[in-house]
Amino acid sequence: MNFYAHISAAVLCGLFLHQPVWAQTFKISCELEGVIPALNDRKLKPEKVVVEIQTMGKNIFMKVVGTNLYTVQASSLTTEEFAGTNLTSQKEMGVTRKNKTTGFESEIRIERETVMMTAFNDMEYRGKTVRVLLSGPCIRP
């Protein structure tokens, strides 16, 4: 069973059984490059990161674990603080979330066929909201 089948099976279990189901944490290593368009397309030093993926019931939780600018967290869970959306389709797995108070957004997507990851994370820089864009290839587990 491939990586995406494991994730899909865990999500389906939670959906059909209507019970919270924590799947194991799946991890993928990626080599990402970052850019901040609002700062004259400032390029960030490439970095190796780990993407962690978990499911609980119908929700997907994804986290890019890296240094400060390369850390992104998003989930499909909606709470009082965040509005989350599952972006998963036949072509990709992904989630996005928006902070209801600040308006900051974050998103993580992984293409199924190419295992290319794209992500973004909003942050404040000198009183302005800027978006950090990340992209790069991942290694299949």
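Under the numbering used here, read the sequence shown as residues 845 to 985, first letter to last. From the three backbone atoms N, C-alpha and C, an ideal C-beta is built for every residue, glycine too.
- For residue 972, the pairing in a beta bridge is given by DSSP as 969.
- Taking the Cα of residue 891 as reference, the smallest distance to any Cα among 951, 977, 904 is reached at 977.
- A direct Cα-Cα distance of roughly 18 Å separates residue 895 from residue 888.
- The beta strand (DSSP E) runs lying completely inside the segment 883-949 and spanning 3 residues or more are 886-900, 903-909, 916-919, 926-930, 936-943, given in chain order.
- Residue range 870-880 is occupied by the beta strand (DSSP E) that includes residue 875.
- Under the three-state reduction of DSSP, residue 951 is assigned to strand.
- Spanning the alpha carbons of residue 944 and residue 985 requires a straight line of approximately 34 Å.
- Nearest in C-alpha terms to residue 948, of all of 939, 954, 968, 877, is 968.
- A distance below 6 Å between beta-carbons, with the five flanking residues on each side excluded, links residue 937 to the following residues of its chain, in chain order: 954.
- By the neighbour-count criterion, in which a residue is buried when 16 or more other Cβ atoms sit within 10 angstroms of its Cβ, residue 907 is buried.
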